[in-house]
Amino acid sequence: MTVDPLALKRIDHVRMFVGNARQSAYFYRNAFGFDVIAYAGLETGVRHEAAYVLRQGHITFVLASPLRPDHPEAHRLVQHGDGVQSIALEVEDVPAAFAAAVARGARPATPPRTIEDEHGAYDFAEIHAYGDTTHALVNRARYHGVFAPGFQPLDPDRYSPRTFHPVGLKAIDHIVANVEEGKMGDWVDYYSKIMGFSLLVSFDDKDISTEYSALMSKVVADGRGRIKFPINEPAHGRRKSQIEEYLEYYGGPGVQHIALATGNIIESVRAMAANDVSFLKVPQAYYERLPERVGTIREDLHELAELGILVDRDDEGYLLQIFTKPVEDRPTLFFEIIQRRGARSFGKGNFKALFEAIEHEQARRGTL
Ligand code: FE2
Numbered sequence: 021m022t023v024d025p026l027a028l029k030r031i032d033h034v035r036m037f038v039g040n041a042r043q044s045a046y047f048y049r050n051a052f053g054f055d056v057i058a059y060a061g062l063e064t065g066v067r068h069e070a071a072y073v074l075r076q077g078h079i080t081f082v083l084a085s086p087l088r089p090d091h092p093e094a095h096r097l098v099q100h101g102d103g104v105q106s107i108a109l110e111v112e113d114v115p116a117a118f119a120a121a122v123a124r125g126a127r128p129a130t131p132p133r134t135i136e137d138e139h140g141a142y143d144f145a146e147i148h149a150y151g152d153t154t155h156a157l158v159n160r161a162r163y164h165g166v167f168a169p170g171f172q173p174l175d176p177d178r179y180s181p182r183t184f185h186p187v188g189l190k191a192i193d194h195i196v197a198n199v200e201e202g203k204m205g206d207w208v209d210y211y212s213k214i215m216g217f218s219l220l221v222s223f224d225d226k227d228i229s230t231e232y233s234a235l236m237s238k239v240v241a242d243g244r245g246r247i248k249f250p251i252n253e254p255a256h257g258r259r260k261s262q263i264e265e266y267l268e269y270y271g272g273p274g275v276q277h278i279a280l281a282t283g284n285i286i287e288s289v290r291a292m293a294a295n296d297v298s299f300l301k302v303p304q305a306y307y308e309r310l311p312e313r314v315g316t317i318r319e320d321l322h323e324l325a326e327l328g329i330l331v332d333r334d335d336e337g338y339l340l341q342i343f344t345k346p347v348e349d350r351p352t353l354f355f356e357i358i359q360r361r362g363a364r365s366f367g368k369g370n371f372k373a374l375f376e377a378i379e380h381e382q383a384r385r386g387t388l
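In the working numbering, the protein residues as written are 21 to 388.
Structure, rendered in structure tokens:
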């Protein structure tokens with residue numbers, strides 16, 4: 021049996037295109053607890069953009085900003101504000117994976133290329149996904165530098181010693197897309213047909229609706245369940261749903277949230293809150309009903325209530341989760357912090373309470 025060239029190994033990194041990568045790096049370092057490990061820019065011989073590589077546990081973010089108005093991606097900043105440009109996936113053989121993806125219907129973005137420097141060879145290609153988000157296909161098996169050619173380990177003098185609270189995030193749990201109304205099925209097909217993902221779970225508007233907001237969601241995952249991509253589309257509610265709000269302010273489909281896994285959500289959230297990260301808060305009544313909803317859990321209920329951490333249970337166990345407010349001025353990208361205690365689901369039992377919290381924020385923004 022031949023191995024599928026699109027057998028994906030893992031999410032290698034998430035590249036965000038931002039207005040001021042230097043300042044974004046400061047935020048993700050000091051608020052989210054990332055280490056800034058590498059830099060590319062004028063000083064390293066890269067003329068068109070500056071980029072910072074941030075690492076925490078197995079999570080790698082690349083924050084990039086154009087240095088000149090003729091950068092080929094510069095329009096993204098006007099269109100989207102800061103946002104996720106690419107979810108990079110590690111594959112065994114980049115040219116074979118790219119050829120297979122295109123043969124199965126993926127729209128090519130960057131043909132395969134091998135980029136070399138004194139540290140080895142880095143293989144890269146890129147296909148289009150929803151909106152103008154892309155999937156980079158990368159292989160760094162023959163590369164021994166800090167990240168990729170053009171990047172150098174960051175001069176530690178560039179940042180002062182960390183004075184903020186360590187956060188302890190470990191891995192990317194899932195990355196969620198918002199797509200246009202009526203398009204969710206097409207993108208489920210894209211991931212099934214091109215990447216061999218299977219449908220893990222789906223929610224319709226009966227599961228996920230409040231008086232105002234409704235959405236439909238399907239979750240696709242790779243065979244080993246390491247890469248999970250929920251895909252949302254708006255459904256009709258009485259007022260504008262959070263997905264419509266996103267599509268309007270992002271200027272099209274894109275990444276809605278990135279869920280980051282921790283082994284101790286109480287410590288992680290306590291540290292992030294101390295670092296001034298703003299989280300969505302549900303009403304205290306949520307915690308009065310919690311014991312009957314989820315049964316016995318190991319965590320202290322008062323501590324969860326104090327921090328605003330949510331809990332949900334499925335057949336396999338339970339999970340704890342919390343959502344940040346959007347991390348930029350546009351009501352677009354936000355983050356989830358999640359700790360799984362056996363559960364492999366996504367917190368369906370929290371949707372209603374959460375949506376009411378989100379709608380409260382939308383009302384404050386005048387976008388409900
Ligand atoms: Fe999520």
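Don't be surprised by glycine CBs; every beta carbon is placed ideally from N, CA and C. Note that this is a predicted model, so its numbers are computed, not measured.
Residue i Cβ short of 7 Å to the ligand FE2 heavy atom set
{"i": "residue 240", "result": "no"}
{"i": "residue 250", "result": "yes"}
Local Cβ density within 10 Å of residue i, reported as buried at 16 or more and exposed below that
{"i": "residue 96", "result": "buried"}
{"i": "residue 23", "result": "exposed"}
{"i": "residue 111", "result": "buried"}
{"i": "residue 304", "result": "exposed"}
{"i": "residue 312", "result": "exposed"}
{"i": "residue 98", "result": "exposed"}
{"i": "residue 205", "result": "exposed"}
{"i": "residue 449", "result": "For residue 449 there is no data in the structure shown, the boundaries of the chain being 21 and 388."}
{"i": "residue 120", "result": "buried"}
{"i": "residue 107", "result": "buried"}
{"i": "residue 282", "result": "buried"}
{"i": "residue 62", "result": "exposed"}
{"i": "residue 161", "result": "exposed"}
{"i": "residue 164", "result": "exposed"}
{"i": "residue 256", "result": "exposed"}
{"i": "residue 152", "result": "buried"}
{"i": "residue 58", "result": "buried"}
{"i": "residue 133", "result": "exposed"}
{"i": "residue 43", "result": "exposed"}
{"i": "residue 383", "result": "exposed"}
{"i": "residue 322", "result": "exposed"}
{"i": "residue 352", "result": "buried"}
{"i": "residue 316", "result": "exposed"}
{"i": "residue 294", "result": "exposed"}
{"i": "residue 92", "result": "exposed"}
{"i": "residue 123", "result": "exposed"}
{"i": "residue 329", "result": "buried"}
{"i": "residue 2", "result": "Any answer about residue 2 is impossible in this case: the structure gives the chain only from 21 up to 388."}
{"i": "residue 202", "result": "exposed"}
{"i": "residue 49", "result": "buried"}
DSSP bridge partner residues for residue i (one or two, in chain order)
{"i": "residue 241", "result": "218 and 248"}
{"i": "residue 297", "result": "Per DSSP, none; premise fails for residue 297."}
{"i": "residue 144", "result": "133 and 158"}
{"i": "residue 59", "result": "72 and 172"}
{"i": "residue 17", "result": "The requested residue 17 does not occur in the structure, where the chain is confined to residues 21 to 388."}
{"i": "residue 30", "result": "110"}
{"i": "residue 103", "result": "37"}
{"i": "residue 85", "result": "70"}
Neighbour flag for residue i against chain D, beta carbons, 8 Å
{"i": "residue 69", "result": "Protein chains in the displayed structure number just one, and chain D is not present."}
The segment 85-103 / the segment 22-41 touching (three or more Cβ pairs under 8 Å)
yes
Which residues, in chain order, sit with a beta-carbon under 6 Å away from any heavy atom of the ligand FE2?
194, 196, 277, 279, 356 and 366
Answer yes if the segment 137-146 comes into contact with the segment 77-91, meaning at least three C-beta pairs across the two stretches below 8 Å, and no otherwise.
no
Take every Cβ of the segment 123-140, pair it with every Cβ of the segment 184-204, and state whether three or more of those distances are shorter than 8 Å.
no
Inspect the CB distances between the segment 272-282 and the segment 356-368 and report whether three or more fall short of 8 Å.
yes
Stretch-stretch touch, CB-based, cutoff 8 Å, three pairs: the segment 234-252 with the segment 214-225:
yes
Taking contact to mean at least 3 C-beta pairs separated by less than 8 Å, is the segment 188-202 in contact with the segment 249-259?
yes
Contact between the segment 362-378 and the segment 331-339 is defined here as three or more beta-carbon pairs at a separation below 8 Å; is this criterion met?
yes
Can you find at least 3 beta carbon pairs, one from the segment 256-273 and one from the segment 83-94, that sit closer than 8 Å?
no
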